[in-house]
Structures are given as structure tokens and as C-alpha cells.
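Undergrad: Just passing along the structure, written as C-alpha cells.
Set out below in C-alpha cells:
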């Protein structure tokens, strides 16, 4: 599998194993364009961020082209679990308040809410409504020791007037039957979707606004020419643009943009799905398909029941891309699923197994804005980017057009470089072992 820290920008045939969504969804993407020779704005990456940036720029009358190395949305936009949450990065609102003050935390909450509304607007334009499941997002205490910290988070969220409910053990047992579910927060305005349908609807909006979407066209070289803009070499010819927006997030190649890519750690998140559960199996775990669920581990597991009664179960994957499709990581997820739902121990095989790269920042939150002369970037979502990526794409486009962004940490600085970036993967290995001990 393509590895951003090792490989050159991916070619049009470098796609990893297909996700469940890609195999089971008839998604209608718009007809794609040829690569232009000259454009106002060039965008690398045809996922949620890049497509929303393209829509915003085109709606404001600019010529814009999105360059996607493979099919549109071939990265995490078609490989995530479809959790639409009011968050990004790894900081909760109380952590934002401690670092930057309550006013900043309130501003962050407002931005997250705006991202959610942008997703909802796109869903309204999707005939299938992106297969939305609207029961809410559950953050579940996986052990008794996690209940008190979760209760404290609930109290903090109520102070910020967030729509969240507390489910004690008795209430939670009506929603999920698991020995690793002791209490939960229910975020009532969050939901789950089919991420590929969401990507297709986003692409249609961008194309309708006038954006040129160019598939199977990796950018192999990018250089700023100062006042002359940027010069790109692509698989379909050379391109000049006034400005470049890098929207490839965890898929950004170290070889293409080393100074930018060294500020991110690409981390694999892996997912399995079971065969469709029988009615008896589904009843035994008491899990409604309306909920998106994640636990409180440091190395988190997340799961949801899909519309066809398959259980989707995800967590950490391999460290290197060359090992991404090794069945050992699917077996680990299957074992974790059995620990979460012992009732399903008779399920010994998975129907689908896939992985995708998420971008982890050094200080736990993303950055959106200008990186260098004529080059703008958005990355570092830390695996929580479905809703924020819609907003990030819009904000990045606004910044590239010269607009002032909200005075929030997302937009006021660049990603911090990793110290000793060549050893990022070694540090990740130690962190995984540390997390397993604490979990």
C-alpha cells in the first residue's frame, strides 16, 4: 500500500484494497475534466477538503482545478467509518479552555457546529441522504476507571451548552450489551453516513459550481515561482496556477512537499466488517444501527451497525504501508470485537478489511492556512475529519482568496515540525505499546 513517508506521489493504479463502501455503493460522481494548462487555483487532493475548497473558490468566480492521483475520494474520504462528529484533532473543549481560555473554546465549538451544518447541507442534495443514521455518537467508557473522567467531560460539555446526554450503566445497557460498556456520553446532534455517498455529493456540488475535477492525475512536482504563482508537473501535463492548495492530508507525500509532510505523522487506521448478522446475533448485542460508537481507550476502537446488518469495527492498523493489508491486523480487530461482544465469538472471519492514512499533528490539532509563498495547506485532523474537513476546505479557500479567518488556533499558526522526523515511526511504535499498557 502507498506509504506517504516512503513512496513518491501515488500513481493512478496505486489504490489499496477496496473498502466496504467502494464495493457496496453505487455512487454518482460527476464527469471529470482534462488537466488545464493555466488556472487561478490548483488543488492537490480530491477528497472532502479539496472538493469543498474547490466549490468555495468556484462559487466565488475563480477558475479552479482539483488534481486527484486516483479516483476522486480514493483516500480516507472513501475509507473512513462515516462518523460525523463535532470535533477534530484530539482536544476536547475543556482542554481547549485550559490551553487557550474559554472564549477560544467557545469559538472552537462554534466552528465545529458550522462544519456539521455544512455536511448537512451536502446531505440534503444527496438523493439517498448519504444513508444517514441519526441516533447520535456514543463515547463509551470501556472500563470502570473511565467512568469518572467521562462524567467530568459531561459536566464540562454542559458548561459549554453542548447537546449531550449522560447514559449511566442502566441506560446504556438498553442501547448496547457489552462487558466493555459501563457508561457513555451521547452527542445527540452527531450522526453516521455512507462516506462515499458524501464524497460523491460533495464532488457534484463542486462540479456544479464550475470546478474542474481531474482524476488519475498525480502531481509529481510543485514549485512556487514567487509573483508568477506556482508550477506543477502532473501525469497529464504541466500546469501554472496563481496559488496551490494542498488538501491531501495524511496522503501528502514526503517526496513531493518534504517541508510540509515532515509536520505530519501518517497513521493507518484499519476497519473490518462482519458478514451480515442474523437477527439472533443482532438482538444479542442490542446495538441500534442509528448509533456511531467509540470507546475511551488511548488506542481507540470504533464501531457501528451498518444498514445491511454488518458490524463495522475499526482501530489502529499497521505502522508501515507495506504491512497495511497483512491479515494479522484484521485478526487483531476481530479479537477486539470478540472482547467487546463475546456474543459474536462464532464469527471467525471478516467480509471486508481495509485501511487508510490519517494525519496526526504533533500538538493534537490541525492547521488550516498559508504555508509558504503561494502554497496553502490543511492537515492534521488526527482521524476526526469528516465534518471538519468540509469546513477546513471552505476556510482554506477563503484564506487563499485573502479573507481573514476567525482568530482561532486552527488558523493562526502552522503545524509544528516533528523533532527528529526520521524517527516518527519509532516513536509511534513506542506510543502504541504505552497505550496498550494503559488501556
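Numbering (the UniProt record's numbering), first residue to last: 1 to 439.
The beta carbon of each residue, even a glycine, is placed where N, CA and C say it ideally should be.
Relative to the C-alpha of residue 256, which residue among 9, 195, 3 and 157 is closest?
TA: Position 256 of the chain shown, counting from 1, holds the residue named residue 256. Among 9, 195, 3 and 157, the Cα nearest to that of residue 256 belongs to 9.
Undergrad: Alpha carbon to alpha carbon, what distance is there between residue 174 and residue 73?
TA: For the purposes of this step, residue 73 is taken as residue 73 along the chain shown, with counting starting at 1. For the purposes of this step, residue 174 is taken as residue 174 along the chain shown, with counting starting at 1. Distance between the alpha carbons of residue 73 and residue 174: 37 Å.
Undergrad: In whole angstroms, what is the alpha-carbon distance linking residue 163 and residue 233?
TA: On the chain shown, position 163 is the one that residue 163 refers to. On the chain shown, position 233 is the one that residue 233 refers to. Their backbone Cα atoms lie some 47 Å apart in a straight line.
Undergrad: What number of angstroms, rounded off, separates the C-alpha of residue 424 from the C-alpha of residue 333?
TA: What you label residue 424 is simply residue 424 of the chain shown in a count that begins at 1. What you label residue 333 is simply residue 333 of the chain shown in a count that begins at 1. Taking the straight line from one Cα to the other gives about 24 Å.
Undergrad: Short of 7 Å in beta carbon distance, which residues of its chain neighbour residue 202, apart from the five on each side in sequence? Order them along the chain.
TA: One-based indexing of the chain shown puts residue 202 at position 202. Within the same chain, residue 202 has close Cβ partners 48, 51, 52 and 122.
Undergrad: I want to check one thing, is the minimum distance from the CB of residue 401 to the heavy atoms of the ligand SAH below 7 Å?
TA: Among the components of this structure there are no ligands whatsoever, and the ligand SAH is therefore not found.
Undergrad: How about residue 21 and residue 196: do their beta carbons lie closer than 8 Å?
TA: Start at 1 with the first residue of the chain shown, and residue 21 comes out as number 21. Start at 1 with the first residue of the chain shown, and residue 196 comes out as number 196. Contact flag set, yes.
Undergrad: Can you name the residues that DSSP bridges to residue 133?
TA: Here residue 133 corresponds to residue number 133 of the chain shown, with the count starting at 1. DSSP, once it has assigned bridges, lists 192 as partnering residue 133.
Undergrad: Report the three-state DSSP secondary structure of residue 273 (helix, strand or coil).
TA: Taking the chain shown and counting its residues from 1, one reaches residue 273 at position 273. Three-state DSSP puts residue 273 in a strand.
Undergrad: Is residue 85 near residue 137, with beta carbons less than 8 Å apart?
TA: Locating residue 85 in the chain shown gives position 85, where the first residue counts as 1. Locating residue 137 in the chain shown gives position 137, where the first residue counts as 1. Against a cut-off of 8 Å, the Cβ pair of residue 137 and residue 85 comes out as a contact.
Undergrad: Please report the Cβ distance between residue 239 and residue 428, rounded to the nearest whole angstrom; I am assuming they are in contact, meaning their Cβ atoms lie under 8 Å.
TA: Taking the chain shown and counting its residues from 1, the one referred to as residue 239 is at position 239. Taking the chain shown and counting its residues from 1, the one referred to as residue 428 is at position 428. That pair is no contact at about 35 Å.
Undergrad: What are the residues that DSSP puts in a beta bridge with residue 370?
TA: Here residue 370 is taken as the residue at index 370 of the chain shown, counted from 1. According to DSSP, residue 370 bridges with 376.
Undergrad: Give every residue of the same chain whose Cβ lies closer than 7 Å to the Cβ of residue 186, excluding the five residues on either side of it in the sequence, and list them in chain order.
TA: Counting from one through the chain shown, the residue named residue 186 turns up at place 186. So the qualifying residues of the chain are 136, 138, 164, 165 and 167.
Undergrad: List in chain order: all unbroken alpha helix (DSSP H) runs of 4+ residues lying wholly within the region 146-231.
TA: Complete alpha helix (DSSP H) runs here, min 4: 147-159, 169-172 and 195-209.
Undergrad: Buried or exposed, going by whether 16 or more other CB atoms sit within 10 Å of the CB of residue 368?
TA: To locate residue 368, count along the chain shown from 1; it is residue 368. It counts as buried.
Undergrad: Ignore the nearest five residues each way along the sequence and tell me which others in residue 458's own chain have a CB closer than 6 Å to its CB.
TA: Outside the shown range of the chain (1 to 439) lies residue 458, about which nothing can therefore be said.
Undergrad: How should residue 87 be labelled, buried or exposed, when 16 other C-beta atoms within 10 angstroms of its C-beta is the threshold for buried?
TA: Numbered from 1 along the chain shown, position 87 holds the residue referred to as residue 87. Flag for residue 87 reads buried.
Undergrad: Considering only the beta carbon of each residue, do residue 263 and residue 408 sit closer than 8 Å?
TA: For this step, residue 263 is matched to residue 263 along the chain shown. For this step, residue 408 is matched to residue 408 along the chain shown. Contact flag unset, no.
Undergrad: Drop a sphere of 10 angstroms on the beta-carbon of residue 254, count the other beta-carbons inside from all chains shown, and report buried for 16 or more, exposed for fewer.
TA: Indexing the chain shown from 1 puts residue 254 at position 254. Flag for residue 254 reads buried.
Undergrad: Would you kindly work out how many angstroms separate the C-alpha atoms of residue 288 and residue 310, rounded to a whole number?
TA: Translated into the one-based positions of the chain shown, residue 288 becomes position 288. Translated into the one-based positions of the chain shown, residue 310 becomes position 310. So the alpha carbons of these two residues sit roughly 12 Å apart.
Undergrad: State yes or no: is the C-beta of residue 19 within less than 8 Å of the C-beta of residue 354?
TA: The residue labelled residue 19 in the question sits at position 19 within the chain shown. The residue labelled residue 354 in the question sits at position 354 within the chain shown. Cβ atoms of residue 19 and residue 354: closer than 8 Å.
Undergrad: Counting beta carbon pairs with one atom in the region 324-341 and one in the region 269-279, are three or more of them shorter than 8 Å?
TA: At 8 Å Cβ cutoff, the stretches touch.
Undergrad: Thinking just about the alpha-carbon of each residue, which of 434, 345 and 388 is nearest to the one in residue 113?
TA: If you number the chain shown from 1, residue 113 lands on position 113. Minimum Cα distance to residue 113 is reached at 388.
Undergrad: Confirm, please, whether the CB-CB distance from residue 71 to residue 215 is below 8 Å.
TA: Within the chain shown, residue 215 is the residue found at index 215, counting from 1. Within the chain shown, residue 71 is the residue found at index 71, counting from 1. For residue 215 and residue 71, yes; Cβs fall inside 8 Å.
Undergrad: May I have the straight-line CA-CA distance separating residue 69 from residue 314, to the nearest angstrom?
TA: Against the chain shown, residue 69 aligns to sequence position 69. Against the chain shown, residue 314 aligns to sequence position 314. Near 26 Å, if we compare the C-alpha coordinates of residue 314 and residue 69.
Undergrad: According to the neighbour-count rule (16 or more other Cβ atoms, all chains shown, within 10 Å of its Cβ), is residue 448 buried or exposed?
TA: Summary: the structure shown does not reach residue 448, with the chain confined to residues 1 through 439, and so no result is reported for it.
Undergrad: Please work out which residues of its chain come closer than 6 Å, Cβ to Cβ, to residue 235, disregarding the five sequence neighbours upstream and downstream, and give them in chain order.
TA: Residue 235 sits at position 235 when you count from the first residue of the chain shown. Within the same chain, residue 235 has close Cβ partners 217 and 218.
Undergrad: Which complete beta strand (DSSP E) runs does the region 9-47 hold, if anything under 3 residues is left out?
TA: 38-44, all fully within the region 9-47.
Undergrad: One question on the structure: do residue 211 and residue 54 come within less than 8 Å of each other, judged by their Cβ atoms?
TA: Here residue 211 refers to the residue found at position 211 of the chain shown. Here residue 54 refers to the residue found at position 54 of the chain shown. Yes. Within cutoff.
Undergrad: Is the distance from the Cβ of residue 4 to the Cβ of residue 410 below 8 Å?
TA: Translated into the one-based positions of the chain shown, residue 4 becomes position 4. Translated into the one-based positions of the chain shown, residue 410 becomes position 410. Contact: no.
Undergrad: Can you tell me whether DSSP reads residue 238 as helix, strand or coil?
TA: As a working mapping, residue 238 is identified with position 238 in the chain shown. In the structure shown, residue 238 sits in a strand (DSSP, three-state: E or B).
Undergrad: Of the choices 193, 199 and 153, whose alpha-carbon is the least far from that of residue 184?
TA: Taking the chain shown and counting its residues from 1, one reaches residue 184 at position 184. Nearest C-alpha to residue 184: 153.
Undergrad: Considering just the uninterrupted stretch of the beta strand (DSSP E) at residue 294, what are its terminal residues?
TA: Residue numbering aside, residue 294 sits at position 294 when the chain shown is read from its first letter. Residues 291-295.
Undergrad: Does residue 102 come out as helix, strand or coil in the three-state DSSP assignment?
TA: As a position in the chain shown, residue 102 is number 102, starting the count at 1. Of the three classes helix, strand and coil, the one that applies to residue 102 here is helix, per DSSP.
Undergrad: On the DSSP letters alone, give me the boundaries of the alpha helix (DSSP H) that residue 302 sits inside.
TA: Residue 302 sits at position 302 when you count from the first residue of the chain shown. That residue, residue 302, is in no alpha helix (DSSP H); its beta strand (DSSP E) goes 302-305.
Undergrad: Quick check: the Cα distance between residue 294 and residue 148, rounded to an integer number of angstroms?
TA: Position 294 of the chain shown holds residue 294. Position 148 of the chain shown holds residue 148. About 17 Å.
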